[in-house]
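K.L.:
Here full-length UniProt numbering is used: the first residue of the sequence shown is 1, the next is one more, and so on.
Here a beta-carbon is modelled for each residue, glycine too, at the ideal position from N, C-alpha and C.
Below is a structure I'd like to ask you about.
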Amino acid sequence: MNPVSSLKKRLKTENLDALFVSHPANVSYLSGFSGNESYILVTRGKDFFITDFRYYQQARLELKDFSIELTGEVNHFDLIAGLIKKGRLKRVGFEAKHITYGEVGKIRDRLNGQEFLPVFDFIEDMRVIKSARELEIISRCIQINLTALKDLKNRIAPDKEESEIAALMEYKMKLAGALRPAFDTIVLSGKNCSMPHGAPGARPIKNNHVVLVDSGVYFNGYNSDLTRMFLLGKIPPIINKILSVTQMAQEIAIGAVRPGITASVVDMAARDYIAKKGFARNFGHSLGHGVGREVHEAPQISARSKTILKPGMIFTVEPGIYIPGSGGVRLEDMVLVTEKGVKVLSR
1 MNPVSSLKKR LKTENLDALF VSHPANVSYL SGFSGNESYI LVTRGKDFFI
51 TDFRYYQQAR LELKDFSIEL TGEVNHFDLI AGLIKKGRLK RVGFEAKHIT
101 YGEVGKIRDR LNGQEFLPVF DFIEDMRVIK SARELEIISR CIQINLTALK
151 DLKNRIAPDK EESEIAALME YKMKLAGALR PAFDTIVLSG KNCSMPHGAP
201 GARPIKNNHV VLVDSGVYFN GYNSDLTRMF LLGKIPPIIN KILSVTQMAQ
251 EIAIGAVRPG ITASVVDMAA RDYIAKKGFA RNFGHSLGHG VGREVHEAPQ
301 ISARSKTILK PGMIFTVEPG IYIPGSGGVR LEDMVLVTEK GVKVLSR
């Protein structure tokens, strides 16, 4: 069943006549459209794709099963309200997480008694299980990412600036086939590695430093997210120690992944090991997150997550240990939950 058909089934179950889709990742997921500034109105019957002049020709080329509605002289609030009224849609949902209070008010003001109702995660719930085609594309993202990381390895050297290495990594990802980086590449060295999401600067990399590279590829509507550590010269003993602990914590967590368990079990597998080794206070973020249409999406792999793991879920496993004044380590791979356990996609 394709995503739109699955959504129509959900609408019927929830007693809704339509759903107004405004989140770009969800618009792309339902339609396959690769442009921007677009919306979808999915009804139990006809489905409408709403865009402006800049994307009209692109939409005509990429979309087959939608009626394409063009904004211009009529703004999109008037157009959406008009479609709701013309279709005699009495109960219409909207993505409460992805639309402003003001926008909701402007649409409601244009309706004549129709209900415009907040809904949560209708499409995100569908996106969490990847299809075979999605797995194929995400695997391609990962391979591009790995190719670029391999090419980067010999270019990381003393006196190179962090920002220079970040720019080089993004160039190599594009050279390997990426449309663009999935996010701004993080490159940190030495003591700066103690900042989990620090920004690369003009700081020169020095010998006897570790270098953290957190990078991702965007390709064909999907993303990857990987972190690797590069070692230059003789590494301080404390960094060697936390690197060893982080490696083992990641292996333990990956080994815990299987369908039917809660995501918190995976998080705690790594967290408990890191705590046992004396670094509980130095691992302050969640273990991982889903990756797909967005770099960060469901499922959340955290100590509080109640999500039950299911086959087809793809997420990161990224334990880290960060010691202010000394440095830090993070290792990040992407895994797939299978029918029997887990498959590491990024090795």
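Which partner residues of Asp47 appear in the DSSP bridge assignment?
P.N.:
Here the question's residue 47 lines up with position 47 in the sequence shown. Val42.
K.L.:
Tell me the rounded alpha-carbon separation between Ile137 and Phe122.
P.N.:
Position 137 of the sequence shown holds residue 137. Position 122 of the sequence shown holds residue 122. Their Cα atoms are separated by approximately 23 Å.
K.L.:
Thinking just about the alpha-carbon of each residue, which of Leu7, Ser346, Lys130 is nearest to the one in Leu19?
P.N.:
For this step, residue 19 is matched to residue 19 along the sequence shown. If we check each option's Cα against that of Leu19, Leu7 comes out closest.
K.L.:
Please classify Gln57 as buried or exposed, where buried requires at least 16 neighbouring CB atoms within 10 angstroms.
P.N.:
Taking the sequence shown and counting its residues from 1, the one referred to as residue 57 is at position 57. So Gln57 counts as exposed.
K.L.:
Tell me whether Asn2 is buried or exposed, calling it buried when 16 or more other Cβ atoms sit within 10 Å of its Cβ.
P.N.:
By one-based count along the sequence shown, residue 2 stands at place 2. Answer is exposed; the Cβ neighbour count stays below 16.
K.L.:
So the alpha helix (DSSP H) Met268 belongs to, where does it begin and stop?
P.N.:
For the purposes of this step, residue 268 is identified with residue 268 of the sequence shown, where counting begins at 1. First-last of the alpha helix (DSSP H) with Met268: 263-276.
K.L.:
Sorted by chain position, which residues of the same chain lie with C-beta nearer than 7 Å to Ser346's C-beta, five sequence neighbours on each side aside?
P.N.:
Numbered from its first residue, the sequence shown carries residue 346 at position 346. Same-chain partners within the cutoff: Ile142, Leu146, Leu226, Asp333, Met334.
K.L.:
Starting from the C-beta of Glu294, find all residues in its chain whose C-beta is less than 8 Å away, skip the five residues before and the five after it, and write them out in chain order.
P.N.:
Counting from 1 along the sequence shown, the entry for residue 294 is found at position 294. Excluding sequence neighbours, Glu294 sits near Ala25, Asn223.
K.L.:
For a test of the three-state rule: what should DSSP assign to Lys343, helix, strand or coil?
P.N.:
Within the sequence shown, numbered from 1, the residue matching residue 343 stands at position 343. Lys343: strand per DSSP, three-state reduction.
K.L.:
Which residues in the same chain have their Cβ closer than 7 Å to the Cβ of Val245, if we skip the five residues on either side of it in sequence?
P.N.:
Sequence index remark: in the sequence shown, residue 245 carries index 245 (1-based). Excluding residues within five positions, the ones whose Cβ falls inside 7 Å are Ile274, Lys277, Phe279, Ile321.
K.L.:
Whose CA, out of Thr43, Ala157, Ile205, His23, lies closest to the CA of Arg88?
P.N.:
By 1-based counting over the sequence shown, the position of residue 88 is 88. Per the Cα distances, Thr43.
K.L.:
Could you spell out the range, first to last residue, of the alpha helix (DSSP H) harbouring Ile239?
P.N.:
As a working mapping, residue 239 is identified with position 239 in the sequence shown. Where Ile239 is concerned, the enclosing alpha helix (DSSP H) stretches over 237-256.
K.L.:
Around the Cβ of Lys130, are there at least 16 other Cβ atoms within 10 angstroms (buried) or fewer (exposed)?
P.N.:
Along the sequence shown, one-based indexing puts residue 130 at 130. Burial call: buried.
K.L.:
At which residue ranges does the UniProt domain "Creatinase N-terminal" (5-129) contain complete beta strand (DSSP E) runs of 3 or more residues, listed in the order of the chain?
P.N.:
Segments of the beta strand (DSSP E) lying fully in the UniProt domain "Creatinase N-terminal" (5-129): 18-21, 39-43, 47-51, 67-70, 91-95, 115-119.
K.L.:
Is Val329 closer than 9 Å to Leu212 when the C-beta atoms are compared?
P.N.:
Position 212 of the sequence shown, counted from the first residue, corresponds to residue 212. Position 329 of the sequence shown, counted from the first residue, corresponds to residue 329. Yes; because the gap between Cβ atoms is below 9 Å, this pair is in contact.
K.L.:
Expressed to the nearest angstrom, what Euclidean distance is found between the alpha-carbon atoms of Asn282 and Pro237?
P.N.:
Residue mapping note: residue 282 aligns to position 282 of the sequence shown, counting from 1. Residue mapping note: residue 237 aligns to position 237 of the sequence shown, counting from 1. Rounded to the nearest angstrom, the two C-alpha atoms are 17 Å apart.
K.L.:
Taking the straight line between their C-alpha atoms, what separation do you get for Lys98 and Ala303?
P.N.:
Locating residue 98 in the sequence shown gives position 98, counting from the first residue. Locating residue 303 in the sequence shown gives position 303, counting from the first residue. The displayed chain sequence assigns His, not Lys, to residue 98. Answer to the nearest angstrom: the Cα atoms are 26 Å apart.
K.L.:
I need the DSSP call for Pro3, collapsed to helix, strand or coil.
P.N.:
As a first step, residue 3 is located in the sequence shown; it is residue number 3 there, counting from the start. Here Pro3 sits in helix by DSSP.
K.L.:
Give me the Cα-Cα distance between Phe53 and Ser215, rounded to the nearest whole angstrom.
P.N.:
Here the question's residue 53 lines up with position 53 in the sequence shown. Here the question's residue 215 lines up with position 215 in the sequence shown. If you take the alpha carbons of Phe53 and Ser215, they lie about 34 Å apart.
K.L.:
Should Ile235 and Ser326 be called a contact, given that it needs their Cβ atoms to be closer than 9 Å?
P.N.:
Position 235 of the sequence shown, counted from the first residue, corresponds to residue 235. Position 326 of the sequence shown, counted from the first residue, corresponds to residue 326. No.
K.L.:
Roughly how many whole angstroms lie between the Cα atoms of Phe33 and Pro324?
P.N.:
As a first step, residue 33 must be located in the sequence shown, where it is residue number 33. As a first step, residue 324 must be located in the sequence shown, where it is residue number 324. Approximately 44 Å between the Cα atoms of the pair.
K.L.:
What's the call for Gly290, buried or exposed, on a 16-neighbour Cβ count within 10 Å?
P.N.:
Position 290 of the sequence shown holds residue 290. The residue is buried, with at least 16 neighbouring Cβ atoms inside 10 Å.
K.L.:
Could you check which residue in Thr71, Ser286, Gly255 has the C-alpha nearest to that of Leu336?
P.N.:
The residue given as residue 336 occupies position 336 in the sequence shown. Comparing Cα-Cα distances from Leu336 to each of Thr71, Ser286, Gly255, the minimum goes to Gly255.
K.L.:
Taking the alpha-carbon positions, what's the Gly113 to Leu61 distance?
P.N.:
Counted from its first residue, the sequence shown places residue 113 at position 113. Counted from its first residue, the sequence shown places residue 61 at position 61. So the alpha carbons of these two residues sit roughly 36 Å apart.
K.L.:
Please identify the residue among Val92, Ile144, Ala132, Arg203 whose C-alpha is closest to the C-alpha of Asp159.
P.N.:
For the purposes of this step, residue 159 is taken as residue 159 along the sequence shown, with counting starting at 1. Closest option to Asp159, Cα to Cα, is Arg203.
K.L.:
Near Lys85, which residues of its chain fall below 8 Å by C-beta distance, leaving aside the five closest residues on each side in sequence?
P.N.:
As a working mapping, residue 85 is identified with position 85 in the sequence shown. Closer than 8 Å at the Cβ level, and outside the excluded window around Lys85, lie Leu111, Asn112, Gln114.
K.L.:
Just the C-alpha distance for Thr185 and Asp125, rounded to the nearest angstrom, thanks.
P.N.:
Within the sequence shown, the letter at position 185 stands for residue 185. Within the sequence shown, the letter at position 125 stands for residue 125. Each residue's alpha carbon lies about 28 Å from the other.
K.L.:
Please classify Arg228 as buried or exposed, where buried requires at least 16 neighbouring CB atoms within 10 angstroms.
P.N.:
For this step, residue 228 is matched to residue 228 along the sequence shown. By the neighbour-count rule (16 or more Cβ atoms within 10 Å), Arg228 is buried.
K.L.:
Run through the region 149-177 for me and flag every whole alpha helix (DSSP H) of 4 or more residues, listed as ranges in chain order.
P.N.:
Complete alpha helix (DSSP H) runs here, min 4: 162-176.
K.L.:
So what does DSSP say about Ile205, is it helix, strand or coil?
P.N.:
Walking along the sequence shown from the start, residue 205 turns up at place 205. Three-state result, Ile205: coil.
K.L.:
In the DSSP assignment, the beta strand (DSSP E) including Pro200 goes from what residue to what residue?
P.N.:
Numbered from 1 along the sequence shown, position 200 holds the residue referred to as residue 200. No beta strand (DSSP E) holds Pro200; DSSP gives it neither H nor E.
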